[in-house]
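Accompanying notes for the structure given below.
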DNA sequence: AAAATATACCCCTTTAAGGGTGAAAAGAAG
DNA sequence: CTTCTTTTCACCCTTAAAGGGGTATATTTT
């Protein structure tokens, strides 16, 4: 574990005001040190190696290589680095991708530097901070659609299909006959207006039925 | 949208100190009103109807009906209520279940009442607050195992399999031959020591390979 | 140079998928 | 108490996919 007071921060953000603003505030109102700031990942790419950062604050909308594409590169360069993403966008896919690709935290740009400093502390302690709107997106992605056209049993079977189970396995698991499973599957297809497992899973995922 | 200052809060929590502590602090240091507090859901069950709460602070470890089981009941009673979960536990399954079942926020009990009040504000504004440790769990659940025995291509194909795609669809999507897909699938099976799609998906999910 | 990865092709047999139709039993809702 | 929905089960059919075996060759990475 790093000594928190020694934490070395790097900021990669193209907007100079935001970049230098955060840097100034972190340096003057926190125990952390901003060792470098860069306006793009392409500029940071080689110089960052000698920065040896503990935490990187990474914008997503960067000129050249995007923050999303920079993520895996930085993770490979510094396997133990904590990365806090910064963005104006908050579409579900981008957020989920960033988190799935190793971001430790995720904030939108209306976040005060106080919260960012708090976030640095949290990631250094192993937490996974996110701003409320981001958390909301993540929570929503975990919640299911309540207006499903599918019955409980159909949803249950579709979930098992999405786990790759075949008719036989589903029948065994639910203590019903294979023929019954077939009937349910056929009804699912009719309701979702599809005619294959893959289509059904895709439509269901799009509509959060499963 | 409710007027925030009118927000009616109900607390369901068996520990009297915590319950009355939060109630007192919310009533005296926030614009919100704690209209009722209950030591269990079973006691709250009928009385809560006339409380007409906007936000419910719900403990998970309750005597009798657990907070997890109370969640769907409360959601049915008050479809638009925001529920903030409170718990000492923070196992991945419990947290994910609560969020998937309609909880708007999730905090562990080492959370200060200041943060709870902040959380009430956030949920009223449509946010999805969670404490850093909870966020960490959620993020981890989105992140994949880095020590995968599978190659990139194999992982990619396994992901498509998990979406229900068959060999032909995978081949089309990746611009490769069906036979190539077959070879990859065979190698995946060997590496994961399985011999069917469903087993492969299960093993991979267990180990966060996909 | 060696190892890992991605690609492609052949053989083979078994099993699952998808579609059509009908109908009994259990539950929920009026 | 009856009507509607859900869940259950059955038998028909054809085609497509799955799974197992082996072999081989670019390409990339180490």
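Protein chains in written order, with the numbering used here: chain A, 99 to 308; chain B, 99 to 308. Glycine residues also receive a C-beta, built at the ideal position from the N, C-alpha and C atoms. Given the structure is predicted, the values throughout are model-derived calculations rather than measurements.
(1) Would you be able to state if there are at least three C-beta pairs under 8 Å between the stretch 145 to 153 of chain B and the stretch 112 to 122 of chain B?
(2) Residue ranges of each beta strand (DSSP E) run of no fewer than 3 residues wholly in the stretch 148 to 213 of chain A, ordered along the chain?
(3) Taking C-beta pairs closer than 8 Å, name the residues in chain A that residue 300 (chain B) reaches, listed in chain order.
(4) Please state whether DSSP places residue 135 (chain A) in a helix, a strand or coil.
(5) My output table needs one value for residue 292 (chain B): the three-state DSSP class, helix, strand or coil.
(6) Taking C-beta pairs closer than 9 Å, name the residues in chain B that residue 333 (chain A) reaches, listed in chain order.
(7) Would you call the stretch 149 to 163 of chain A and the stretch 107 to 115 of chain A in contact, with 3 or more CB pairs under 8 Å?
(8) If you run the structure through DSSP and keep just helix, strand and coil, what is residue 301 (chain A)?
(9) Bridge partners for residue 228 (chain A) per DSSP, in chain order?
(10) Measure how close the beta-carbons of residue 248 (chain A) and residue 286 (chain A) come, nearest whole angstrom, since I'm counting them as under 8 Å.
(11) For a test of the three-state rule: what should DSSP assign to residue 109 (chain B), helix, strand or coil?
(12) What does residue 295 (chain B) touch in chain A if you count any residue whose Cβ is under 7 Å from its own?
(13) By the 8 Å beta-carbon criterion, what residues does the stretch 264 to 289 of chain A contribute toward chain B?
(14) With a 10 Å radius around its C-beta and 16 neighbouring C-beta atoms as the bar for buried, classify residue 221 (chain B) as buried or exposed.
(15) Could you spell out the range, first to last residue, of the alpha helix (DSSP H) harbouring residue 124 (chain B)?
(16) Alpha carbon to alpha carbon, what distance is there between residue 135 (chain A) and residue 308 (chain A)?
(17) Residue 261 (chain A) by DSSP, collapsed to three states: which one?
According to the structure shown:
(1) no
(2) 153 to 157, 180 to 185, 203 to 206
(3) As a first step, residue 300 (chain B) is located in the second chain; it is residue number 202 there, counting from the start. Near residue 300 (chain B) (Cβ distances below 8 Å), the residues of chain A are 261, 262.
(4) Mapped onto the first chain, residue 135 (chain A) falls at position 37. Residue 135 (chain A): strand per DSSP, three-state reduction.
(5) As a first step, residue 292 (chain B) is located in the second chain; it is residue number 194 there, counting from the start. Three-state result, residue 292 (chain B): coil.
(6) Residue numbering for chain A in the displayed model covers 99 to 308; residue 333 (chain A) lies beyond these limits and cannot be assessed.
(7) Contact holds: three or more Cβ-Cβ distances are below 8 Å.
(8) Numbered from 1 along the first chain, position 203 holds the residue referred to as residue 301 (chain A). In this structure, residue 301 (chain A) counts as helix in the three-state DSSP scheme.
(9) The residue given as residue 228 (chain A) occupies position 130 in the first chain. According to DSSP, residue 228 (chain A) bridges with A:204.
(10) Within the first chain, the letter at position 150 stands for residue 248 (chain A). Within the first chain, the letter at position 188 stands for residue 286 (chain A). Rounded to the nearest angstrom, the Cβ distance from residue 248 (chain A) to residue 286 (chain A) is 6 Å, consistent with a contact under 8 Å.
(11) Taking the first residue of the second chain as 1, we reach residue 109 (chain B) at position 11. Strand, per DSSP.
(12) Mapped onto the second chain, residue 295 (chain B) falls at position 197. Result: 262.
(13) Of all residues in the stretch 264 to 289 of chain A, the ones placed with a Cβ closer than 8 Å to any Cβ belonging to chain B are 264, 267, in chain order.
(14) Residue 221 (chain B) sits at position 123 when you count from the first residue of the second chain. Buried: at least 16 other Cβ atoms inside 10 Å.
(15) Reading the second chain from its first residue, position 26 is the one you call residue 124 (chain B). Counting along the chain, the alpha helix (DSSP H) containing residue 124 (chain B) begins and ends at 114 to 127.
(16) As a working mapping, residue 308 (chain A) is identified with position 210 in the first chain. As a working mapping, residue 135 (chain A) is identified with position 37 in the first chain. So the two alpha carbons sit approximately 43 Å from each other.
(17) Counted from its first residue, the first chain places residue 261 (chain A) at position 163. The answer is coil: DSSP assigns residue 261 (chain A) none of H, G, I, E or B.
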